[in-house]
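Below is one structure, written out as structure tokens; comments come after it.
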Amino acid sequence: MRDVALLARYTQMSETELVTAIQQAKQSLGRSVTILGHHYQRDEVIQFADYRGDSLELLRRAAQIEEARYIVFCGVHFMAETAAILCKPEQVVIQPVIEAMCPMAHMANVADAERAWEELSALWPGKLVPITYQNSTAALKAFVGRRGGAVCTSANASKLFKWAFQKGDHILFTPDEHLGTNTALAMGIPSEEIGIWDPLHPPKPESLARCRIVVWKGFCYVHTAFTPEEVDEVRRKYPGALIIVHPECVREVVAKADLAASTSGIVQAVERAPKGAVIAIGTEWHLVHRLQQEHPDKTVIPLHHSVCVNMAMTRMPHLLYVLEGLVQGEVRNVVSVDPETAQWARLALERMLEAS
Numbered sequence: 435m436r437d438v439a440l441l442a443r444y445t446q447m448s449e450t451e452l453v454t455a456i457q458q459a460k461q462s463l464g465r466s467v468t469i470l471g472h473h474y475q476r477d478e479v480i481q482f483a484d485y486r487g488d489s490l491e492l493l494r495r496a497a498q499i500e501e502a503r504y505i506v507f508c509g510v511h512f513m514a515e516t517a518a519i520l521c522k523p524e525q526v527v528i529q530p531v532i533e534a535m536c537p538m539a540h541m542a543n544v545a546d547a548e549r550a551w552e553e554l555s556a557l558w559p560g561k562l563v564p565i566t567y568q569n570s571t572a573a574l575k576a577f578v579g580r581r582g583g584a585v586c587t588s589a590n591a592s593k594l595f596k597w598a599f600q601k602g603d604h605i606l607f608t609p610d611e612h613l614g615t616n617t618a619l620a621m622g623i624p625s626e627e628i629g630i631w632d633p634l635h636p637p638k639p640e641s642l643a644r645c646r647i648v649v650w651k652g653f654c655y656v657h658t659a660f661t662p663e664e665v666d667e668v669r670r671k672y673p674g675a676l677i678i679v680h681p682e683c684v685r686e687v688v689a690k691a692d693l694a695a696s697t698s699g700i701v702q703a704v705e706r707a708p709k710g711a712v713i714a715i716g717t718e719w720h721l722v723h724r725l726q727q728e729h730p731d732k733t734v735i736p737l738h739h740s741v742c743v744n745m746a747m748t749r750m751p752h753l754l755y756v757l758e759g760l761v762q763g764e765v766r767n768v769v770s771v772d773p774e775t776a777q778w779a780r781l782a783l784e785r786m787l788e789a790s
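Okay, here's the thing in structure tokens:
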């Protein structure tokens, strides 16, 4: 009840009062705290981040933080989990809204992955290598780590797929069907060699006999919302526009776009575009809106207004709640991973960092 009352008080503060209070808390805490913010966070939150980036950039940063005792991760839960796995033992990871989860990360659980692994391993004489997207639980990362596999992000998926094919003959990719499919197609793997594993209705293994890669039937609701018709409409309205989409979009959207790029890749593409360019982007709206503000010399538009409501859960009152707790000597909303899970998940993450 005390925490509810505190948050209620924070939500009644004006924007100016919140900004001032957060700045004062940060100043009081000094180098003992580092705030990490994902690109999809609201502007009101990202303004306080010491470092902003995509998943790959932020997990690398989490592993490199030296001075800070506390790492406040403004994102969703799997990101904070990853920071807790990679940071130093004496460091503490805090998530302002502990309930901010990624639905896709929970579309693949270990029990279902075990079944797929066993059936596919029995199907193929060659070696099967598991790769999981960073957008997954610590438990699934540990599952992959135990079996010689690695984690990937949208920024390095092709590198990790190549790494896996150097280690073995087949890939089981969890949990995003679309990133897996688009990455495989971009590498020249024909569609008939890409299979889908639906954990709710598992296929007969023999139907996947010809496949080099099997992708999990999971998805990002933000990116699968974009349609090929929206790409066509932008082409009609803005001839010559550069259309960039995230590889979590469906393959039909990726095929019509000029470029499929990770979150950081989208940011870099906008930065490189010439003045006066028209750029239509298929990714989370908060990032697109921020790019509009940061590049007034270019016309940056969204394919449509697609918001990650899970990322958007974090507001200034939540950030103030955890920061003022630290000022008062109270650590709130700690994210931790049990040692055995962390050990194997860290191995999968370290393999990724070495390969990329």
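Note that my numbering has the sequence shown beginning at 435, numbered continuously upward.
In this text, a Cβ means the ideal position worked out from N, Cα and C, and glycines have one as well.
It should be emphasised that the depicted structure is a prediction, and the values quoted were computed from it without experimental measurement.
Practice task
State the CB to CB distance for the pair I403 and V771, rounded to an integer number of angstroms; the pair is presumed to be in contact (CB under 8 angstroms).
Solution key: The requested residue 403 is not part of the displayed model; the chain covers only 435 to 790.
Practice task
With a threshold of 16 other CB atoms inside 10 Å of the CB of S641, please say whether the residue is buried or exposed.
Solution key: For the purposes of this step, residue 641 is taken as the residue at position 207 of the sequence shown. Answer is exposed; the Cβ neighbour count stays below 16.
Exercise for the section: Run the CB neighbour count on Q442, radius 10 Å, all protein chains shown included, and call it buried at 16 or more, exposed below. Expected result: For the purposes of this step, residue 442 is identified with residue 8 of the sequence shown, where counting begins at 1. According to the sequence provided, residue 442 is Ala. The question's Gln does not apply to it. Answer is exposed; the Cβ neighbour count stays below 16.
Practice task
May I ask which residues mark the beginning and end of the beta strand (DSSP E) holding A714?
Solution key: The residue labelled residue 714 in the question sits at position 280 within the sequence shown. V712 to G716 is the span of the beta strand (DSSP E), which, as asked, contains A714.
Handout entry: Euclidean distance between Cα positions of A502 and R670
Key = In the sequence shown, the residue the question calls residue 502 occupies position 68. In the sequence shown, the residue the question calls residue 670 occupies position 236. Each residue's Cα considered, the two are about 51 angstroms apart.
Practice task
May I have the straight-line CA-CA distance separating L490 from A455, to the nearest angstrom?
Solution key: On the sequence shown, residue 490 is found 56 positions in, with the first residue counted as 1. On the sequence shown, residue 455 is found 21 positions in, with the first residue counted as 1. Rounded to the nearest angstrom, the two C-alpha atoms are 30 angstroms apart.
Problem - Three-state secondary structure assigned by DSSP to H604 - result: Indexing the sequence shown from 1 puts residue 604 at position 170. Strand.
Practice task
Classify R486 as helix, strand or coil using the three-state DSSP reduction.
Solution key: Taking the first residue of the sequence shown as position 1, residue 486 is located at position 52. DSSP places R486 in strand when its eight states are reduced to three.
Problem - Bridge-paired residues (DSSP) for L693 - result: Counting from one through the sequence shown, the residue named residue 693 turns up at place 259. Paired residues: I678.
Handout entry: Where W597 falls: helix, strand or coil (DSSP)
Key = Along the sequence shown, one-based indexing puts residue 597 at 163. Three-state result, W597: helix.
Problem - Entirely enclosed beta strand (DSSP E) segments - the segment 474-556, minimum 3 residues - result: 485-487, 504-508 and 526-528
Exercise for the section: State whether the segment 585-595 contacts the segment 477-491, with contact taken as three or more CB pairs (one from each stretch) at a distance under 8 angstroms. Expected result: yes
Handout entry: Enclosing beta strand (DSSP E) for P564 [first to last residue]
Key = Position 130 of the sequence shown, counted from the first residue, corresponds to residue 564. Element bounds for P564: L562 to Y567.
Exercise for the section: Could you spell out where the alpha helix (DSSP H) holding I456 opens and where it closes? Expected result: Numbered from its first residue, the sequence shown carries residue 456 at position 22. Taken as a continuous stretch (DSSP letters only), the alpha helix (DSSP H) holding I456 covers E449 to L463.
Practice task
Please state whether DSSP places H472 in a helix, a strand or coil.
Solution key: Mapped onto the sequence shown, residue 472 falls at position 38. Note: H472 maps to strand in three-state DSSP.
Practice task
Mind reading off the beta-carbon distance from N616 to A694? Whole number of angstroms is fine, and I expect it under 8 angstroms.
Solution key: Looking up residue 616 in the sequence shown gives position 182. Looking up residue 694 in the sequence shown gives position 260. That pair is a contact at about 6 angstroms.
Exercise for the section: Give the range of the alpha helix (DSSP H) segment to which G759 is assigned. Expected result: To locate residue 759, count along the sequence shown from 1; it is residue 325. Its alpha helix (DSSP H) spans residues M750 to V761.
Practice task
Would you kindly work out how many angstroms separate the C-alpha atoms of S698 and I678, rounded to a whole number?
Solution key: Taking the sequence shown and counting its residues from 1, one reaches residue 698 at position 264. Taking the sequence shown and counting its residues from 1, one reaches residue 678 at position 244. In a straight line, the C-alpha of S698 is about 12 angstroms away from that of I678.
Practice task
Could you name the residues of the same chain whose beta carbon sits closer than 7 angstroms to that of V510, not counting the 5 residues immediately before and after it, in chain order?
Solution key: The residue labelled residue 510 in the question sits at position 76 within the sequence shown. Taken in chain order, the residues that qualify are A534, M535, C536, N744 and M745.
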